[in-house]
Amino acid sequence: MNQQNRERVVVIGAGHGGGLTVAFLRQFGYTGEITLIGEETVLPYQRPPLSKAWLKGEVSKEGLALRPPAFYVEQNIDLHLGVRAERIDVEARHAVLTSGQEIPYDHLVLATGAHARTLPIPGVQFTNVMTLRTLVDAEHIRGALGPGKKLVIIGGGYVGLECAATARALGAEVTVLERASRLLERVASAPVSAFLQDFHEGKGVAFRFNAGIEAILGNTQAESVLLSDGTQLSCDAVLVGVGAIPTASMAQAIGLRCDDGILVDADCRTSDPHIFAIGDVAKRPHPLYERELRLESVPSCMEQAKRVASCITGREPAAAEVPWFWSDQYDLKLQIAGLPFDVDETVVRGHPEDAKFAVFHLCAGHVVTVEAINAPPEFFAGKKLIGSRKAVSSEKLKDLTISLADLAA
Numbered sequence: 002m003n004q005q006n007r008e009r010v011v012v013i014g015a016g017h018g019g020g021l022t023v024a025f026l027r028q029f030g031y032t033g034e035i036t037l038i039g040e041e042t043v044l045p046y047q048r049p050p051l052s053k054a055w056l057k058g059e060v061s062k063e064g065l066a067l068r069p070p071a072f073y074v075e076q077n078i079d080l081h082l083g084v085r086a087e088r089i090d091v092e093a094r095h096a097v098l099t100s101g102q103e104i105p106y107d108h109l110v111l112a113t114g115a116h117a118r119t120l121p122i123p124g125v126q127f128t129n130v131m132t133l134r135t136l137v138d139a140e141h142i143r144g145a146l147g148p149g150k151k152l153v154i155i156g157g158g159y160v161g162l163e164c165a166a167t168a169r170a171l172g173a174e175v176t177v178l179e180r181a182s183r184l185l186e187r188v189a190s191a192p193v194s195a196f197l198q199d200f201h202e203g204k205g206v207a208f209r210f211n212a213g214i215e216a217i218l219g220n221t222q223a224e225s226v227l228l229s230d231g232t233q234l235s236c237d238a239v240l241v242g243v244g245a246i247p248t249a250s251m252a253q254a255i256g257l258r259c260d261d262g263i264l265v266d267a268d269c270r271t272s273d274p275h276i277f278a279i280g281d282v283a284k285r286p287h288p289l290y291e292r293e294l295r296l297e298s299v300p301s302c303m304e305q306a307k308r309v310a311s312c313i314t315g316r317e318p319a320a321a322e323v324p325w326f327w328s329d330q331y332d333l334k335l336q337i338a339g340l341p342f343d344v345d346e347t348v349v350r351g352h353p354e355d356a357k358f359a360v361f362h363l364c365a366g367h368v369v370t371v372e373a374i375n376a377p378p379e380f381f382a383g384k385k386l387i388g389s390r391k392a393v394s395s396e397k398l399k400d401l402t403i404s405l406a407d408l409a410a
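Counting from 1 along the sequence shown, just add 1 to a position and that's the residue number in our numbering.
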């Protein structure tokens with residue numbers, strides 16, 4: 002009998018990463034047993050549409066699913082949904098569920114993701130104070146939106162801005178509170194932040210920057226948000242989007258190396274050779290940047306799922322990809338490739354007033370990051386330049402008469 006037939010892979014976390022992992026294992030020829038454990042009661046689904054198409058009612062639960070139900074039957078994947086893995090017995094190599102059931106593994110994949118960061122202020126316990134990580138969260142938020150509804154969003158990051166755009170499209174009044182002096186301060190350049198602020202304001206979104214929040218006030222529900230300067234903003238609901246914390250408690254409990262996530266090697270293997278970690282919970286060395294990174298993005302999650310499946314099946318893994326991200330707001334598509342380490346020059350190509358431009362960030366004459374608004378050619382050319390490390394002059398990047406495809410070739 003094939004040795005692999007007697008093996009078992011157990012994946013804890015049935016989100017995007019877990020769903021991709023089990024699919025790639027079968028795609029890459031794994032013939033052993035596969036068990037997928039998830040706390041949510043639904044099959045693995047896409048997360049990005051939750052803040053956009055799902056809130057607008059433009060996609061169904063079936064449309065969100067990564068794979069149809071028949072896939073898991075046909076591929077002989079043992080599903081344990083609506084249950085929680087309570088702990089891992091590393092000596093016996095068992096995942097132990099809250100029911101006490103023990104599921105043996107030869108390879109364990111932790112795809113436990115991240116959970117929403119909360120605010121240490123009074124009032125966050127009200128049921129109309131919400132976060133967005135899951136389908137249940139999104140359903141809760143959708144019920145709070147509509148014409149005339151007042152939504153206060155705490156946090157001017159991607160989730161906050163995407164939900165602001167969706168809420169405005171549904172007729173809600175929106176105020177975004179940001180503690181920094183501009184939007185997306187940690188993850189986007191000043192030109193992109195300024196453009197997005199202007200665009201959102203043109204759609205009726207109100208912003209307050211350098212905003213300190215003292216409390217969320219109300220009787221049985223949130224009725225207003227109290228700011229540090231004494232201002233009270235009335236509301237029908239509050240959405241908190243202030244980042245996420247990697248869900249690494251099980252890994253910490255068994256002594257895996259952790260530091261803002263579970264530390265893994267290039268193959269996503271943890272300090273225990275039988276355990277892998279992928280997705281938002283994993284922090285791995287990235288060969289393009291020579292440092293450990295924890296990237297919260299679908300493309301990164303997909304690359305890691307492929308690497309784990311390749312490692313388990315003995316398949317040669319693909320080369321590391323340039324990290325990339327995207328955000329859809331109104332009819333804007335923001336695409337970002339690369340990470341802005343050691344930037345010494347910034348170049349704007351195109352005109353922000355046309356809602357079609359790109360910002361290139363360079364280090365020693367090499368593109369390290371590109372941010373593109375409604376500019377796919379600039380995004381793809383920039384991504385290629387980042388990966389190839391080809392030198393390019395800032396003057397040529399600025400010149401709209403020069404083809405970026407030619408520059409990147």
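C-beta atoms are modelled at their ideal positions from N, C-alpha and C, and glycine is treated no differently.
Inset, instruction - Measure the beta-carbon distance from D237 to L152 and round it to whole angstroms, keeping in mind my assumption that it falls under 8 angstroms. - result: Start at 1 with the first residue of the sequence shown, and residue 237 comes out as number 236. Start at 1 with the first residue of the sequence shown, and residue 152 comes out as number 151. Contact flag correct, Cβ pair sits at about 7 angstroms.
Legend entry - Proximity below 9 angstroms, CB of F29 to CB of T314: By 1-based counting over the sequence shown, the position of residue 29 is 28. By 1-based counting over the sequence shown, the position of residue 314 is 313. Cβ distance < 9 angstroms, so F29 and T314 count as in contact.
Legend entry - Where I387 falls: helix, strand or coil (DSSP): Along the sequence shown, one-based indexing puts residue 387 at 386. Helix, per DSSP.
Legend entry - Straight-line gap, D268 to A245 (C-alpha atoms, nearest Å): Taking the sequence shown and counting its residues from 1, one reaches residue 268 at position 267. Taking the sequence shown and counting its residues from 1, one reaches residue 245 at position 244. The straight-line gap from Cα to Cα measures roughly 24 angstroms.
Inset, instruction - Could you tell me the boundaries of the beta strand (DSSP E) in which S411 lies? - result: Lying before the first or after the last residue shown, residue 411 is absent from the chain, which here runs from 2 to 410.
Inset, instruction - Classify Q126 as helix, strand or coil using the three-state DSSP reduction. - result: One-based indexing of the sequence shown puts residue 126 at position 125. Coil.
Legend entry - Residue of P70, R9, L109, A71 minimising C-alpha distance to P274: Working through the sequence shown from its first residue, we reach residue 274 at position 273. Ranking the options by Cα distance to P274, first place goes to L109.
Legend entry - Collapsed DSSP secondary structure at F29 in the structure displayed: Position 28 of the sequence shown, counted from the start, is the residue given in the question as residue 29. Looking at F29 - three-state DSSP - the assignment turns out to be coil, as it is neither helix nor strand.
Inset, instruction - Taking V369 as part of the beta strand (DSSP E), name the residues at either end of that continuous run. - result: On the sequence shown, position 368 is the one that residue 369 refers to. V369 -> beta strand (DSSP E) spans 367 to 374.
Legend entry - Simplified DSSP state of V160, which is helix, strand or coil: Here residue 160 is taken as the residue at index 159 of the sequence shown, counted from 1. Residue state, collapsed to three classes: helix.
Inset, instruction - Name the residue from E224, S52, V177, W55 whose alpha carbon lies nearest to the alpha carbon of N211. - result: Walking along the sequence shown from the start, residue 211 turns up at place 210. Restricting attention to E224, S52, V177, W55, the CA atom closest to the CA of N211 is found in V177.
Legend entry - When V60, G161, P45 are compared against A71, the one with the closest alpha-carbon: Here residue 71 refers to the residue found at position 70 of the sequence shown. Among V60, G161, P45, the Cα nearest to that of A71 belongs to P45.
Legend entry - Proximity winner among D355, V74, F358, relative to A24 (alpha-carbon distances): Along the sequence shown, one-based indexing puts residue 24 at 23. Minimum Cα distance to A24 is reached at V74.
Inset, instruction - Just mark G158 as buried or exposed, buried being the case when its beta carbon has 16 or more other beta carbons within 10 Å. - result: Working through the sequence shown from its first residue, we reach residue 158 at position 157. G158 comes out buried.
Inset, instruction - Return the bridge partner residues of E346 from the DSSP annotation. - result: Within the sequence shown, numbered from 1, the residue matching residue 346 stands at position 345. Partner(s): L363.
Inset, instruction - Ignoring anything shorter than 3 residues or poking outside the region 131 to 159, list the beta strand (DSSP E) runs there in chain order. - result: 151 to 155
Inset, instruction - Could you tell me which of R292, Q102, E379 sits nearest to G409, measuring between CA atoms? - result: As a working mapping, residue 409 is identified with position 408 in the sequence shown. According to the sequence displayed, residue 409 carries Ala and not Gly. Answer by Cα proximity: E379.
Inset, instruction - Can you tell me which of the three DSSP states I313 falls into? - result: Counting from one through the sequence shown, the residue named residue 313 turns up at place 312. Here I313 sits in helix by DSSP.
Legend entry - Candidates F342, D199, A93: closest to E291 by CA position: Within the sequence shown, the letter at position 290 stands for residue 291. Answer by Cα proximity: F342.
Inset, instruction - Would you identify the three-state DSSP class for V241, choosing helix, strand or coil? - result: Locating residue 241 in the sequence shown gives position 240, counting from the first residue. The three-state reading of DSSP puts V241 in strand, counting E and B together.
Legend entry - Residues of its chain near A66, where Cβ-Cβ distance is below 6 angstroms and the 5 sequence neighbours each way are ignored: Taking the first residue of the sequence shown as position 1, residue 66 is located at position 65. Only L44, Y46 meet the Cβ criterion.
Inset, instruction - Report yes if the C-beta distance between T36 and G280 is below 9 angstroms; otherwise report no. - result: In the sequence shown, the residue the question calls residue 36 occupies position 35. In the sequence shown, the residue the question calls residue 280 occupies position 279. No, they are not a contact pair.
Inset, instruction - Could you tell me which residues DSSP pairs with Y46 in its beta bridges? - result: For this step, residue 46 is matched to residue 45 along the sequence shown. Among the bridge pairs identified by DSSP, Y46 is matched with A66.
Inset, instruction - For K334, collect the residues of the same chain with a Cβ closer than 7 angstroms to its Cβ; drop the 5 residues on either side in sequence, then sort them by chain order. - result: Taking the sequence shown and counting its residues from 1, one reaches residue 334 at position 333. W327, N375.
Legend entry - Proximity winner among E322, V265, V241, K384, relative to V125 (alpha-carbon distances): Indexing the sequence shown from 1 puts residue 125 at position 124. Residue V241 is the option with its Cα nearest to V125.
Legend entry - Stretch pair the region 348 to 363 + the region 244 to 264: three plus CB contacts closer than 8 angstroms: no
Legend entry - A319 versus W325, Y331, A306, residue with shortest Cα-Cα distance: Within the sequence shown, the letter at position 318 stands for residue 319. Here the closest residue by C-alpha is A306.
Legend entry - CA-to-CA distance, F196 to L26, given in whole angstroms: In the sequence shown, the residue the question calls residue 26 occupies position 25. In the sequence shown, the residue the question calls residue 196 occupies position 195. Taking the straight line joining both Cα atoms gives about 42 angstroms.
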